[in-house]
Every structure is written in structure tokens, then in C-alpha cells.
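Under the numbering used here, the residues of the sequence shown are numbered 120 to 348, in order.
We put the beta carbon where it would ideally sit given N, CA and C, even for glycine.
Treat the numbers as computed from the prediction; the structure is a model and nothing was measured.
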Amino acid sequence: AAAPQAVLMDVVREPQLGSIDRLLWRRAQTAPQLCVGASSVAQALIDHWGLPRRRHDGRVAPARGPLLVLAGSLSPLTARQVAAARSYLHVPLDAHRLARGDAAHIRQTIDDLVRALQAGRHVLAHTTPLDAPGGVAHGDLAAQCGRLLRSVLMEAPVSRLGVAGGDTSSHALQALAPTSLEWLGRPAPGVALCRAHAEAPWLDGTEVMLKGGQMGDDNLFETLVTGSR
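See the structure below:
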């Protein structure tokens, strides 16, 4: 009787996407559609538009220059990844001072990171544990990490960037504001390496790794340097 709030489509065989893609695109011509699903959503529309499917084995090439990783996650796995990152200059970020917007600390941190990148070093900036007195909102920390990242890249662009932490990744993308991301490979299960397309020349073409705090293996940050075999 009444139109449903949502429709669930359970795809069993790939040929069924042919009916779904026509339905999605026809309805999208009359009103915005919110589609939630796995890669099959994009796959259906790509087939409907007649675009070629690109095949990629998921392997990642070695870094072509200085690499910057910002680890805003406080998870145990990210801590192990930071400890295993032997190819980087480690720059600790005071989580409390950063989250509170300490201008002097932020400016000094930007200068340190820019100087190291311009000298050709791989740099890993990682937040310190939030175990000191005084509450800090994780959202404030993630937002400041995103703004810090933008400031550094505007002064010292890199060919490959890594961001660790779900909230940190979200705020980093909001601060960097790429127009689109193109999937390039998979450094580890659950971790994506993409190419950013952007109007800003200091970001356009940059390879960006995004991951949640509990994703990837212990050597993930080293894989970003050496590539996957």
C-alpha cells in the first residue's frame, strides 16, 4: 500500500546485477538515491554505463619519494605498526596539546615535519597515549590531526601519504578535500591505497593509504615504503 522506506536486494548470481543497474539508474534520474552495499553497487553502475572493468592484483609499488604517515589511532595494533616502522623518522605528537589547539606546539610540529620531508626522510608522526590527567575528546584530536596534515602537505607535498585511524582518516579527507579517490592497491587486508584527484596541485596525484586503527599487519608502514611482493 505505502511505498517502503528502503528496499533490500540480495544478489545471488552476477547476472542479476543487470536488472538492478537499470533500476538504480532509472530511479536516480528522478530523485537522489542512497545506495548502501559492497562493491557490487559500483560494479552494477559501471556495467550499466558501459565502462571497462579494470583488473588489478592489488600489489603496491615501492614509494617514489619521501613518505609521510600520520598515525592518530591509539589502538594496540597501530602501536605495534608504529614500533615496527624502522624506515621512518619518528615524530611524537602530544595528543593533549594538539587536541587543545596549542598554536606554538602545532607550528613547531609543522616546521619539524616539513624540514624532515624536504630533507628526503620518510616521516611517521604519531600521537601519544591519552593517559595523562585532563580529558581530551577524540574527535577534537582527529580534527586537529586533519588540519595539521593539510598544513604540512601545503608546504611539503609528498608522492605517498598514510593515515591511520578511522576518525583521523575521515577528518584528514575533510581537511584535504580531494574531488575523488581512485583505488590503486591493497597494502594489507582491509587497507586501501588510493590516488587522490584534487584541484589543489599539492594534493593532486598523491597516493593515499587510509585505514582504521585495527586494520593491517604489524609491518604495514614498512610495506608502504618497500611495496608489496
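For residue j and residue i, the rounded distance between their alpha carbons
{"i": "serine 289", "j": "alanine 218", "result": "16 angstroms"}
{"i": "histidine 209", "j": "tryptophan 302", "result": "28 angstroms"}
{"i": "alanine 222", "j": "alanine 275", "result": "20 angstroms"}
{"i": "histidine 215", "j": "histidine 224", "result": "10 angstroms"}
{"i": "serine 299", "j": "proline 320", "result": "14 angstroms"}
{"i": "glycine 220", "j": "threonine 228", "result": "12 angstroms"}
{"i": "proline 317", "j": "leucine 295", "result": "First, the residue type needs correcting, since residue 317 is alanine and not proline in the sequence shown. Going from the Cα of alanine 317 to the Cα of leucine 295 covers about 9 angstroms."}
{"i": "leucine 343", "j": "glutamine 135", "result": "38 angstroms"}
{"i": "leucine 187", "j": "glutamine 124", "result": "44 angstroms"}
{"i": "alanine 163", "j": "valine 310", "result": "23 angstroms"}
{"i": "leucine 280", "j": "leucine 243", "result": "10 angstroms"}
{"i": "glycine 137", "j": "proline 171", "result": "15 angstroms"}
{"i": "aspartate 286", "j": "glutamine 237", "result": "28 angstroms"}
{"i": "aspartate 213", "j": "leucine 339", "result": "23 angstroms"}
Proximity of residue i and residue j at Cβ, strictly below 8 angstroms
{"i": "arginine 269", "j": "proline 185", "result": "no"}
{"i": "valine 327", "j": "valine 282", "result": "yes"}
{"i": "glycine 304", "j": "leucine 292", "result": "no"}
{"i": "glycine 332", "j": "glycine 265", "result": "no"}
{"i": "aspartate 337", "j": "alanine 150", "result": "no"}
{"i": "serine 278", "j": "alanine 182", "result": "yes"}
{"i": "serine 194", "j": "glutamate 341", "result": "no"}
{"i": "cysteine 154", "j": "leucine 142", "result": "no"}
Neighbour-count burial assignment, residue i, 16 or more Cβ in a 10 Å radius
{"i": "proline 306", "result": "buried"}
{"i": "serine 158", "result": "exposed"}
{"i": "arginine 145", "result": "exposed"}
{"i": "aspartate 230", "result": "exposed"}
{"i": "leucine 260", "result": "buried"}
{"i": "valine 126", "result": "exposed"}
{"i": "threonine 345", "result": "exposed"}
{"i": "threonine 325", "result": "buried"}
{"i": "threonine 246", "result": "buried"}
{"i": "aspartate 140", "result": "buried"}
{"i": "glutamine 263", "result": "buried"}
{"i": "glycine 191", "result": "buried"}
{"i": "valine 235", "result": "Before going further, note that residue 235 is alanine rather than valine in the sequence given. Flag for alanine 235 reads buried."}
{"i": "alanine 315", "result": "buried"}
{"i": "valine 201", "result": "buried"}
One or two residues paired with residue i in a DSSP bridge
{"i": "glutamate 301", "result": "Arg314"}
{"i": "methionine 328", "result": "Gly281, Leu312"}
{"i": "alanine 147", "result": "Answer is none; alanine 147 lacks a bridge partner."}
{"i": "leucine 189", "result": "Ala244, Val282"}
{"i": "alanine 307", "result": "Val310"}
| message | Extract the residue ranges of the alpha helix (DSSP H) inside the segment 197-246, only unbroken runs of 4 or more that lie entirely within it. | response | 214-218, 222-237
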